[in-house]
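J.: For the sequence shown, the positions run -26 to -1, 1 to 301 when mature numbering (1 follows the signal peptide of the UniProt record, and there is no 0) is used.
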Amino acid sequence: MHSFSAPSARALWPIAAALTSTALLVACSTTTSSSTEAPATSGRTVETVLGPVTVPEQIDSVVVIEGRRDLDIALALDLPVVGFPLEGEGSLDLESPLAEARAAAVAEHGAEGLFLADEINIEAIAEAAPSVIISRSDDVEEIFDQLSAIAPVVAIGDQDTSGWQDDLRLVAEATGTTVRAEELVTAYDDRVADVASTYADVIAEHPVVPLGSDSSGSQVRPNRLLSTVLQDVGALPSEVFAEAIETGDGIEHSPERLVEAYDDADGIIALVNGADEWSATQASPLWSRLPAVAAGHVVRSDKSTHEGGPLTAMHSLDVVEELYAGF
């Protein structure tokens, strides 16, 4: 009969070590398996006026819907724009502030017009297969779910609800381009300071007005981009412009009241769309009776400066500077 001796502690060490190693391998295997099977979460989540949206880290293509502020911001942030709306033929004759940047997007990313402005084509957007869609919120609110099924929708404001700087920063946060956004805001602020300083005396002495004109009459709207740029440089507003700024509302006048309403303005930025409308405006006897017109202190723009982002804001400063340089 053999006697049984309990193994020594030293003899048990290799067994314990082997069991420990096995346990660690099992644990590591379990951890790795869980990590692999867990759903990956990647993207930047931002809060928009239409709710939170998560944008992928990698953005290969962008479609814009409205074509002014949204397109301006996307181009200024060097995003890969592949689709945008087209203006109706003949609606504008002045070169767009976005023309050069848009041409670059066409050359670099194959950007193209997908539909006419105000005629959103969801099928064309889906075919473009964007990584993200950027739009003014008013233009997509009713079709938000349809667009969201194609790509995340970053909804921004307009001139009545937010400044372009806020919308620029929102899109930049969503697309990982915040450094570029701050560079653009700083460049605008520096240019505003330069214009305000260079023309300080002229600005202080001469009332001006951004005057919309068409066959139905005249309008002054304080929240249009060019109007806010004038305010940024410290423009002395004409009486009607000052009233519009104070009330925050647009003011309209019939054609017959043109001279009565704006005879105190020394300078006018005429916001007139289309060559035919501009020719008709200049041919009007009432237009020629305005003191600013008689003095030659008129610079023309159009609806392309009603709304936009950093590129249009810098262009608007060019227009403002042209006006003040003419005194």
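Think of the CB as a built atom: it goes at the ideal place given N, C-alpha and C, for glycine as much as any other residue.
Quick caveat, the model's predicted, so the values are computed rather than measured.
Flag S253 as yes if its beta-carbon sits less than 9 Å from any beta-carbon of chain D, otherwise no.
T.: The chain inventory of the structure shown lacks chain D, comprising one protein chain alone.
J.: What are the boundary residues of the alpha helix (DSSP H) that L260 is part of?
T.: Counting along the chain, the alpha helix (DSSP H) containing L260 begins and ends at P259 to S262.
J.: Is the beta carbon of F89 sitting closer than 9 Å to the one on R76?
T.: No, these two residues do not count as a Cβ contact at 9 Å.
J.: In chain order, what residues of the same chain lie with their CB nearer than 7 Å to the CB of V114, ignoring the 5 residues before and after it?
T.: Contacts found: I39, L121, V127 and A129.
J.: Decide if E82 is buried, meaning its Cβ has at least 16 other Cβ atoms within 10 Å, or exposed.
T.: With fewer than 16 other Cβ atoms within 10 Å, it is exposed.
J.: Is it true that the region 199 to 214 meets the region 270 to 286, where meeting means three or more beta-carbon pairs spaced less than 8 Å apart?
T.: At 8 Å Cβ cutoff, the stretches touch.
J.: Which value, in whole angstroms, describes the spacing of the CA atoms of P13 and V37?
T.: Confidence at P13 is low in this model, with a pLDDT of 35, below 50, so the placement of that residue should be treated as unreliable; the coordinate-derived value is given next. Roughly 28 Å separates the two Cα atoms.
J.: For the pair the region 233 to 243 and the region 283 to 297, tell me if three or more CB-CB distances fall below 8 Å.
T.: Contact between the region 233 to 243 and the region 283 to 297 is present, because at least three Cβ pairs lie under 8 Å.
J.: Between T6 and S16, what straight-line distance do the alpha-carbon atoms span, to the nearest angstrom?
T.: Bear in mind that a pLDDT of 36 at T6, under 50, signals an unreliable position, so the model cannot answer this.
J.: With the cut-off set at 9 Å, would you say V169 and P211 are in Cβ contact?
T.: No, the Cβ-Cβ distance between V169 and P211 is not below 9 Å.
J.: Determine whether the beta carbon atoms of L142 and I47 lie at a separation below 9 Å.
T.: Yes, they are a contact pair.
J.: Since R42 is in the beta strand (DSSP E), which residue starts that stretch and which ends it?
T.: Taken as a continuous stretch (DSSP letters only), R42 belongs to no beta strand (DSSP E), as it is neither H nor E.
J.: Does V153 pass the burial test, meaning 16 or more other C-beta atoms within 10 Å, or should it be called exposed?
T.: Classification for V153: exposed.
J.: Under three-state DSSP, which class holds T151?
T.: DSSP places T151 in coil when its eight states are reduced to three.
J.: Mapping DSSP to helix, strand and coil, what is S136?
T.: The answer is coil: DSSP assigns S136 none of H, G, I, E or B.
J.: Does the beta-carbon of P104 have 16 or more other beta-carbons within 10 angstroms, so that it is buried, or is it exposed?
T.: Per the 10 Å Cβ criterion, buried.
J.: May I ask you to verify whether the region 20 to 31 touches the region 95 to 112, counting CB pairs closer than 8 Å and requiring at least 3?
T.: Short answer: they touch.
J.: Looking only at C-alpha atoms, which of L144, E230 and G186 sits nearest to G248?
T.: Cα-wise, what sits closest to G248 is G186.
J.: Please state if the CB of W261 and the CB of L232 are separated by a distance shorter than 9 Å.
T.: Going by C-beta atoms, L232 is nearer than 9 Å to W261.
J.: So what's L285 in DSSP terms, helix, strand or just coil?
T.: Helix.
J.: Is it buried or exposed for P196, if we count other Cβ within 10 angstroms and need 16 for buried?
T.: The residue in question, P196, is buried, as its Cβ has 16 or more Cβ neighbours within 10 Å.
J.: Counting only the same chain and skipping the five closest in sequence on each side, list residues whose C-beta sits under 8 Å from that of S136.
T.: Around S136: I130.
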